[in-house]
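Worksheet: the structure to be examined is printed underneath.
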Amino acid sequence: MGWKVHVAYVLNRAKALSYALLRFFFSDGAFHIPSVLKVFKAKVIATIAYAVPLWGSFANLTHLEVIQNQLLRRLLKLPRCVSNTAIRLELNVTSLETTLWKCILCYWLALWHKLPNLHLIQCLWRDDFPSPWAKIIHGKLVSLGLSPSELLKLDLISAKRIITHKLEEMDLQFNIATGGGTCSPINLGLTPPTKLPSYLTTLSVVTHRYAFIMARFNAFPSNVLGNRLSNGQISLLCDCKSGSIESLYHIIFCCPLHSASRSKFLAPYLSRIADSPQEAQIIYLLNDEDTSRSLAVARYLINVLFQKRRNGSLYVSDSLAKLKNHQ
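Counted the way my numbering counts, the sequence shown spans residues -2 to 324.
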């Protein structure tokens, strides 16, 4: 069986597993995102990574990225205006390409360290014939700023640690550089988390969790978002008739339509940041540093959604329609 056939099989198998995992997530999985991420890593990525040290170095691994991207987007129910890199940043997940290159390079190291000198593969290091596989490996390491010969002088654990750190560092730099669009936490001034965000577990009510997610990504249902997704067909102005643009900041801090809910859920927190700039106020409410504060913000946002639904203005995205079906 050729590698092209194998790659096609792996791709189809991984897609089938991802769909099955999503079906479980939306039913018996109780919408628990951390559990799905663990199963995805243990099952789907393991399936893709089978024999990847042999075929992965010759393949374009970016084509496989769609499997992980689709799963993460469906887990968070985010609209198309949110980039894949912004989602990976929020979940502290490396790209699938980076994960597979870890497997490839660590396998290359293991061949050198673990196999005895009498093993035929050791001839690869002594043969004058330039192995295409070894050439690609060396080129990848050089592109990372690493020396193949220096890595082989180190013990296996130290060399693996250096390679893993370098791959993750470059992946993070790429995600930060490309994941800061309008609909992203970075655009609101939020720092990318260094671990899985706590609100994914502390906000136990599904609707609370998704309302908070949409706010952090600046994708909360608003006329600003609706205007962007409808190519200008929806007015930017808020229904409160104040003449203000209905942005996320206006919804949380200013809109008179939600003053009762604001007083009920956010009053203790708003009083502490009354004199702060707008950017600092948004960061304070959405940075997920305090469980009770995140819960209060989520409850407020849910009340806003309920009022928008009653007013007939809850129409801006497919993701939101799915959220309504699970309330």
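Heads up, the beta-carbon is just placed ideally off N, CA and C, and yes, glycines get one too.
Keep in mind the model is a prediction, meaning the values are calculated, not measured.
According to DSSP, residues forming a beta bridge with residue i
| i | result |
| --- | --- |
| residue 234 | 242 |
CA nearest to the CA of residue i, picked from the options
| i | options | result |
| --- | --- | --- |
| residue 151 | 103, 212, 252, 274 | 103 |
| residue 157 | 222, 266, 101, 206 | 101 |
| residue 239 | 249, 216, 253, 287 | 253 |
| residue 212 | 50, 285, 237, 7 | 285 |
| residue 78 | 180, 249, 305, 234 | 180 |
| residue 0 | 57, 289, 271, 139 | 57 |
| residue 3 | 169, 269, 51, 191 | 51 |
| residue 76 | 44, 210, 130, 13 | 210 |
| residue 191 | 166, 99, 215 | 166 |
| residue 275 | 290, 246, 183 | 246 |
| residue 164 | 236, 269, 91 | 91 |
| residue 233 | 310, 195, 182 | 310 |
| residue 49 | 28, 70, 82, 95 | 95 |
| residue 195 | 287, 10, 82 | 287 |
| residue 169 | 12, 82, 108 | 82 |
| residue 33 | 70, 10, 9, 5 | 70 |
| residue 66 | 28, 11, 99 | 11 |
| residue 183 | 43, 214, 39, 128 | 214 |
| residue 261 | 290, 216, 93 | 290 |
Unbroken alpha helix (DSSP H) run spanning residue i, endpoints
| i | result |
| --- | --- |
| residue 156 | 153 to 175 |
| residue 136 | 129 to 140 |
| residue 252 | Taken as a continuous stretch (DSSP letters only), residue 252 belongs to no alpha helix (DSSP H), as it is neither H nor E. |
| residue 223 | 220 to 226 |
| residue 273 | Looking at the DSSP string, residue 273 is not in any alpha helix (DSSP H), and its letter there is neither H nor E. |
| residue 264 | 264 to 267 |
| residue 22 | 0 to 22 |
| residue 208 | 203 to 213 |
| residue 286 | Here residue 286 belongs to no alpha helix (DSSP H), and DSSP marks it neither H nor E. |
| residue 379 | Residue 379 is absent from the structure shown; the chain starts at -2 and stops at 324. |
| residue 97 | 93 to 111 |
| residue 83 | 81 to 88 |
| residue 145 | 145 to 150 |
| residue 51 | 49 to 52 |
| residue 193 | It is not in any alpha helix (DSSP H) - residue 193 carries neither H nor E in the DSSP assignment. |
| residue 311 | Run containing residue 311: none; DSSP gives neither H nor E here. |
| residue 69 | 62 to 73 |
Supposed close pair residue i, residue j - CB separation, criterion 8 Å
| i | j | result |
| --- | --- | --- |
| residue 31 | residue 187 | Residue 31 to residue 187, Cβ: 19 Å. No contact. |
| residue 141 | residue 110 | 19 Å between Cβ atoms; not a contact. |
| residue 178 | residue 80 | 5 Å |
| residue 54 | residue 134 | 6 Å |
| residue 292 | residue 205 | 7 Å |
| residue 41 | residue 15 | 6 Å |
| residue 21 | residue 72 | With a Cβ gap of about 12 Å, residue 21 and residue 72 do not count as contacting. |
| residue 283 | residue 185 | 7 Å |
| residue 18 | residue 7 | In fact, because the Cβ distance is near 16 Å, the residues do not count as touching under 8 Å. |
| residue 148 | residue 138 | 7 Å |
| residue 97 | residue 46 | 6 Å |
| residue 189 | residue 305 | Wrong, their Cβ atoms sit about 29 Å apart, outside the cutoff. |
| residue 250 | residue 278 | 7 Å |
| residue 161 | residue 99 | 6 Å |
CB contact check: residue i to chain D, cutoff 8 Å
| i | result |
| --- | --- |
| residue 189 | Included in the structure is just one protein chain, with no chain D present. |
Counting pairs of beta carbons, one from the stretch 56 to 72 and one from the stretch 198 to 210, are three or more of them closer than 8 Å?
no
Give a yes or no on contact between the stretch 248 to 260 and the stretch 288 to 301, applying the rule of three or more CB pairs nearer than 8 Å.
yes
When the Cβ atoms of the stretch 259 to 276 are set against those of the stretch 208 to 226, are three or more pairs found closer than 8 Å?
no
Measuring CB atoms only, is the stretch 160 to 179 touching the stretch 82 to 90, in the sense that at least three cross pairs come out at less than 8 Å?
Because the criterion of three Cβ pairs below 8 Å is met, the stretch 160 to 179 and the stretch 82 to 90 touch.
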